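Visitor:
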Amino acid sequence: MTDPSGPDPWVGFDGHESVVVAQDESTGLQAIIALHSTVLGPALGGVRMSTYADTSSGAHAAAYADALRLSRAMTYKNALAGLPHGGGKAVIVHDPSNKPPELLRAFGELVTSLGGRYVTAGDVGMRVQDMDVISETCRWTTGRSPENGGVGDSGILTSVGVHLGMRAGAEAALGTADLSGVTVGVIGTGKVGGRLIGHLIRDSARVIALDPSAAARSSLDAEYPNAITWVDSLAELLAYRPQVLSPNALGGAISEALVEDLAAAEVRLVCGGANNQLATDRVGDLLDHAGIVYAPDFCVNCGGVIQVAEELTGADLDRARATVEQVFDTTRSVLERARGEGITPVRAAEREAEARIAASLPQGGR
Numbered sequence: 097m098t099d100p101s102g103p104d105p106w107v108g109f110d111g112h113e114s115v116v117v118a119q120d121e122s123t124g125l126q127a128i129i130a131l132h133s134t135v136l137g138p139a140l141g142g143v144r145m146s147t148y149a150d151t152s153s154g155a156h157a158a159a160y161a162d163a164l165r166l167s168r169a170m171t172y173k174n175a176l177a178g179l180p181h182g183g184g185k186a187v188i189v190h191d192p193s194n195k196p197p198e199l200l201r202a203f204g205e206l207v208t209s210l211g212g213r214y215v216t217a218g219d220v221g222m223r224v225q226d227m228d229v230i231s232e233t234c235r236w237t238t239g240r241s242p243e244n245g246g247v248g249d250s251g252i253l254t255s256v257g258v259h260l261g262m263r264a265g266a267e268a269a270l271g272t273a274d275l276s277g278v279t280v281g282v283i284g285t286g287k288v289g290g291r292l293i294g295h296l297i298r299d300s301a302r303v304i305a306l307d308p309s310a311a312a313r314s315s316l317d318a319e320y321p322n323a324i325t326w327v328d329s330l331a332e333l334l335a336y337r338p339q340v341l342s343p344n345a346l347g348g349a350i351s352e353a354l355v356e357d358l359a360a361a362e363v364r365l366v367c368g369g370a371n372n373q374l375a376t377d378r379v380g381d382l383l384d385h386a387g388i389v390y391a392p393d394f395c396v397n398c399g400g401v402i403q404v405a406e407e408l409t410g411a412d413l414d415r416a417r418a419t420v421e422q423v424f425d426t427t428r429s430v431l432e433r434a435r436g437e438g439i440t441p442v443r444a445a446e447r448e449a450e451a452r453i454a455a456s457l458p459q460g461g462r
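First residue of the sequence shown? That's 97 in my numbering, and the numbers climb one at a time after it.
1. Please tell me whether residue 301 and residue 275 are closer than 9 Å, where the distance is taken between their beta carbons.
2. Measure the beta-carbon distance from residue 264 to residue 424 and round it to whole angstroms, keeping in mind my assumption that it falls under 8 Å.
3. Examine chain B for any beta-carbon lying closer than 9 Å to the beta-carbon of residue 167, and answer yes or no.
4. Cβ atoms of residue 282 and residue 256: under 9 Å apart, would you say?
5. Measure the beta-carbon distance from residue 343 to residue 368 and round it to whole angstroms, keeping in mind my assumption that it falls under 8 Å.
6. Following the continuous alpha helix (DSSP H) through residue 297, name the residue where it begins and the one where it ends.
7. From this set, 271, 286, 287 and 259, which residue's C-alpha is nearest residue 280's C-alpha?
8. Run through DSSP, which three-state label would residue 305 get?
9. Kindly indicate the opening and closing residues of the beta strand (DSSP E) around residue 156.
10. Out of curiosity, what's the CA-to-CA distance linking residue 154 and residue 447?
11. What alpha helix (DSSP H) runs, 4 residues minimum, are completely inside the segment 351–415?
12. How do the segment 433–453 and the segment 170–178 stand: do at least 3 beta-carbon pairs fall below 8 Å, yes or no?
13. Please state the DSSP three-state secondary structure of residue 137.
14. As a quick exercise: from 238, 136, 196 and 125, pick the residue whose alpha carbon is nearest that of residue 410.
15. Pick helix, strand or coil for residue 225, following the three-state DSSP scheme.
16. Can you tell me whether DSSP reads residue 217 as helix, strand or coil?
17. Just confirm the distance between the C-beta atoms of residue 359 and residue 388, as a whole number of angstroms; I'd bet it's less than 8 Å.
18. How is residue 340 classed by DSSP in three states: helix, strand or coil?
19. Looking at the structure shown, is residue 444 part of a helix, part of a strand, or coil, going by DSSP?
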């Protein structure tokens with residue numbers, strides 16, 4: 097049921113097909129599922145779990161806005177990845193440190209009620225084991241464990257795609273796709289950022305990492321002894337003057353105010369695995385004016401969705417990995433288009449995705 101005290105239902109809409117706001121008092125489920133587009137096929141996108149800062153009313157306006165924004169990005173991401181899927185996203189407003197199985201099953205029932213229009217997957221705050229529980233009540237569930245017909249943690253191929261996108265971005269920003277000797281500042285070292293660090297170390301890049309988690313630091317230091325320089329703040333990270341900044345935590349990391357700091361630190365490229373890295377649309381213009389190349393997140397971090405989409409057709413991780421290899425060429429094409437048309441990389445990526453969507457429609461449109 098929708099909450100009449102909730103957010104204006106039109107705020108944040110951008111061609112969305114539908115939004116479902118649900119509450120189940122018996123399990124404590126409060127969820128939002130946003131379907132942006134099903135033109136290319138069933139909407140595919142992850143479900144994230146968070147308490148969110150804005151929970152003063154039952155509406156959870158921040159969660160609502162997140163679902164709308166992320167679902168739109170999934171439409172573009174899936175199109176750029178060449179997947180037969182539209183874009184959707186779900187949000188569960190709940191503490192991710194305590195996930196009652198009955199709540200997860202209730203969410204599965206909610207997805208099932210959409211009759212296949214939305215296919216869910218793991219996202220922030222959700223683990224493979226959680227997706228296994230959701231799959232008990234929903235056949236349209238991906239991101240499951242190998243024991244349950246899945247291909248495991250989607251961070252594996254997300255990091256591969258980000259690494260490839262970073263190399264393409266470096267080619268545009270630094271004149272070479274070789275990251276050897278390049279200083280890369282990595283923000284967030286979880287399931288994507290941590291694996292990305294491994295790729296960078298194998299490239300002989302210099303890695304400066306920011307993550308408050310002592311456990312993450314210890315784990316990566318054990319895996320890559322003396323290979324990572326850890327810092328405690330973004331200011332400290334920028335003092336190392338990284339040529340590349342890689343946001344891999346939550347969205348909105350690149351604010352309008354931060355662009356000036358990035359320019360002062362002579363950052364040349366922003367490329368990471370986080371969704372919605374730019375806090376506002378204007379940030380893309382500011383980065384462009386500052387001469388900082390931005391590799392759009394929905395272009396480079398599609399490895400995870402390619403991986404989970406593979407579960408729908410056979411769960412072949414090697415085949416999914418081969419598909420992810422296209423990220424380098426796609427990112428290169430987007431950045432070349434941006435330069436050629438005098439537009440930002442974000443707009444270039446959107447145009448490329450829109451062209452792919454339009455090409456799938458019968459002549460004359462939907």
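All C-beta atoms in this analysis are idealised placements derived from N, C-alpha and C, irrespective of residue type, glycine included.
Since this is a predicted model, take the numbers as computed values, not measurements.
Guide: By the coordinates alone:
1. A contact, by the Cβ cut-off of 9 Å.
2. Indeed, because the Cβ distance is near 5 Å, the residues count as touching under 8 Å.
3. Note that chain B does not occur in the displayed structure, where there is just one protein chain.
4. The answer is no: Cβ separation not under 9 Å.
5. The pair is a contact, with the Cβ atoms about 4 Å apart (cut-off 8 Å).
6. It spans 289–298 - the alpha helix (DSSP H) in which residue 297 sits, taken as one unbroken run.
7. Taking only the C-alpha atoms, the option nearest residue 280 is 259.
8. Strand, per DSSP.
9. Element bounds for residue 156: n/a, residue is neither H nor E.
10. Here residue 154 scores only 46 on pLDDT, less than 50, and its place in the model should not be relied on; the value that follows carries that caveat. Using only the alpha carbons, I get a separation of about 37 Å.
11. Counting only runs of 4 or more, we get 352–360, 377–385, 393–396 and 399–405.
12. With the cut-off at 8 Å, the segment 433–453 and the segment 170–178 touch.
13. It is coil, neither helix nor strand.
14. Nearest of 238, 136, 196 and 125 to residue 410, Cα basis: 238.
15. The answer is helix: DSSP assigns residue 225 an H, G or I state.
16. Note: residue 217 maps to strand in three-state DSSP.
17. Between residue 388 and residue 359 the Cβ distance is about 7 Å, and since that is below 8 Å, they are a contact.
18. If DSSP states are grouped into helix, strand and coil, residue 340 belongs with the strands.
19. The three-state secondary structure of residue 444, taken from DSSP, is helix.
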